[in-house]
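Visitor: Under our numbering, the letters of the sequence shown match residues -8 to 193, in that order. Built from N, CA and C at the ideal position, the CB exists for glycine as well. Structure in structure tokens, see below.
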Amino acid sequence: MIGRIRGVLLEKQAPELLVDVAGVGYEIQAPMTTIYQLPPVGEPVELFTHLVVREDAQQLFGFISASDRALFRALIRVNGIGPKLGLTILSGIDPEAFVRCVRDEDSATLTRLPGVGKKTAERLLIEMRDKLKGWQVDGVAVGEGPAVLPAKGGNPAADAEAALVALGYKPQEASRMVAQAGPDGASSEELIRAALKRAVKL
């Protein structure tokens, strides 16, 4: 198991990263909540990782903190939640807000995330309640009561749309979200952040 990666950030295009570790480039998938906090390309970076081994592929997922990785690991143990959907969930809502949803049984907020329907949201609330028991947010424990993305073609809106599609949104939906996300001149990171926040609040 690869538990932590420390090296130089070579590429950063949501949701994929490339990190050089002693001459070896590791391809890592990360949620937007981690990508927002990464240093610029060319700078040192350290990520807590989770390795998923399948018959046809090996995937490495990276997180800015051990607690974020712990939340991801708890998510993918929920019936019907695989690594891809777990990554999408943590891209659309920050860990603190997710724990708050579980604590407050707020299924409405969860159903606004891509790939999460009513039944999935209810399953998350039921199964995650036990997995997150003892986690605290706003001083109340469960059970007791948010980097710069490089522009591929110099078009931040197009890059933001591509990132949202990679996170599970349909192309038309991603285009609409970006169009409503922010003013002209905003970076791809700003557009993605605004689009995801707007999607959760709607």
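Leaving out five residues on either side along the sequence, give the residues of the same chain with a beta carbon under 7 Å from the beta carbon of E181.
Guide: Once the five neighbours on either side are set aside, the close Cβ partners of E181 are G173.
Visitor: How should K110 be labelled, buried or exposed, when 16 other C-beta atoms within 10 angstroms of its C-beta is the threshold for buried?
Guide: K110 is exposed by the Cβ-count criterion.
Visitor: Buried or exposed: where does I117 fall if 16 or more other Cβ atoms within 10 Å of its Cβ makes it buried?
Guide: Exposed: under 16 other Cβ atoms inside 10 Å.
Visitor: Which parts of the segment 48 to 96 are runs of the alpha helix (DSSP H), unbroken and 4 residues or longer, counting only runs that do not cross its ends?
Guide: Qualifying alpha helix (DSSP H) stretches, in chain order: 57 to 66, 74 to 83 and 86 to 95.
Visitor: Using beta-carbon positions only, say whether R29 and L42 come within less than 8 Å of one another.
Guide: Arg is not the amino acid found at residue 29; the sequence shown has Leu there. Not in contact: L29 and L42 (Cβ atoms no closer than 8 Å).
Visitor: Taking A190 as the reference, which of V169, S179 and V10 has the closest Cα?
Guide: Nearest option by C-alpha distance: V169.
Visitor: I'd like the list of long-range same chain contacts for A57, defined as Cβ closer than 8 Å, with 5 residues on each side in sequence excluded.
Guide: So the qualifying residues of the chain are F39.
Visitor: Since I(-4) is in the beta strand (DSSP E), which residue starts that stretch and which ends it?
Guide: Looking at the DSSP string, the run of the beta strand (DSSP E) that includes I(-4) is R(-5) to Q4.
Visitor: If you draw a straight line from the alpha carbon of P105 to that of D150, how long is it in whole angstroms?
Guide: Going from the Cα of P105 to the Cα of D150 covers about 18 Å.
Visitor: Q49: buried (16+ other C-beta within 10 angstroms of its C-beta) or exposed?
Guide: Flag for Q49 reads exposed.
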